[in-house]
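Colleague: Protein chains in written order, with our numbering: chain D, -1 to 116; chain V, 19 to 130.
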Amino acid sequence: GAVVSQHPSWVICKSGTSVKIECRSLDFQATTMFWYRQFPKQSLMLMATSNEGSKATYEQGVEKDKFLINHASLTLSTLTVTSAHPEDSSFYICSATGLAGGTGNEQFFGPGTRLTVL
Amino acid sequence: GENVEQHPSTLSVQEGDSAVIKCTYSDSASNYFPWYKQELGKRPQLIIDIRSNVGEKKDQRIAVTLNKTAKHFSLHITETQPEDSAVYFCAAGRGGNEKLTFGTGTRLTIIP
């Protein structure tokens, strides 16, 4: 149980375009989802915390107007990278936690989306 | 906010020997400490976690120890095998649905 999927697994886009990444919890209700960015050979850097039905909380230094996050249901969160530029090329990973007493503290990670901006 | 430091950044161990990775954290309110294993291009996989009400937890060849007073916790892998080669991340958080802060990672290489 506790499976998280992401789509697409990889995407290549032109500079200036927008890209949407979906994160889904397949077999549990995800009250909270997290979006991370991971550059090569580096750690996971939290971008934002997303609670269902409310606005995301962004980490310091993350532009909320550039990285739009929507968490409209208990099983789906989306990250839209607007006006992408080559420096936005990275591995984007989501994770999800469920209702208390269910999945507890554990964050379940999606498989990641590799974004390349040309 | 929380700050997690992890050492060493790289570690090479002869197959069959033990590996130890150490982390320190700064937020005394943190009470959940997971360890993740990440293979190249793949998602992080939880291998073991510990909560602040215990000092040690073991799962077969993997163990984690926690010293809340000193604010540090360690991952111990015994009888290492080639498939243990990966990048390992520690993390710290306040539990529940609170965010995690990750360490910088340790690239573990098991030498056959």
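For each residue, glycine too, the CB sits at the ideal point set by N, CA and C.
With a threshold of 7 angstroms on Cβ separation, who are the neighbours of residue 104 (chain V) within its own chain once the five nearest residues in sequence on each side are excluded?
Modeller: Excluding residues within five positions, the ones whose Cβ falls inside 7 angstroms are 55, 56, 57, 126.
Colleague: Checking 7 angstroms against the spacing of the C-beta atoms, do residue 36 (chain D) and residue 96 (chain D) come in under that value?
Modeller: Result no, Cβ atoms of residue 36 (chain D) and residue 96 (chain D) do not sit closer than 7 angstroms.
Colleague: Going straight from the alpha carbon of residue 108 (chain D) to that of residue 47 (chain D), what length do you get?
Modeller: Whole-angstrom Cα-Cα distance: 15 angstroms.
Colleague: Could you name the residues of chain D that residue 75 (chain V) contacts, counting a contact when the two beta carbons are closer than 8 angstroms?
Modeller: Near residue 75 (chain V) there are no residues of chain D at all, since even the closest Cβ is about 13 angstroms away, more than 8 angstroms.
Colleague: Contact defined as beta carbons within less than 8 angstroms: I believe residue 78 (chain D) pairs with residue 50 (chain D). What is the distance between those atoms, to the nearest angstrom?
Modeller: Between residue 50 (chain D) and residue 78 (chain D) the Cβ distance is about 17 angstroms, and since that is not below 8 angstroms, they are no contact.
Colleague: Express the C-alpha separation of residue 73 (chain V) and residue 28 (chain V) in angstroms, rounding to a whole number.
Modeller: Cα to Cα, residue 28 (chain V) sits roughly 26 angstroms from residue 73 (chain V).
Colleague: In angstroms, rounded to a whole number, what distance separates the CA positions of residue 76 (chain D) and residue 23 (chain D)?
Modeller: Each residue's alpha carbon lies about 12 angstroms from the other.
Colleague: Across which residues does DSSP place residue 77 (chain V) in a beta bridge pair?
Modeller: The partner list for residue 77 (chain V) (beta bridge, DSSP) reads V:80.
Colleague: If you draw a straight line from the C-alpha of residue 119 (chain V) to the C-alpha of residue 32 (chain D), how long is it?
Modeller: Distance between the alpha carbons of residue 119 (chain V) and residue 32 (chain D) is about 12 angstroms.
Colleague: Assuming residue 81 (chain D) contacts residue 41 (chain D) (C-beta within less than 8 angstroms), just tell me the rounded distance between them.
Modeller: With 8 angstroms as the limit, residue 81 (chain D) and residue 41 (chain D) do not qualify as a contact, their Cβ atoms being about 26 angstroms apart.
Colleague: Got a sec, what are the start and stop residues for the beta strand (DSSP E) residue 71 (chain D) sits in?
Modeller: Start and end: 65 to 71.
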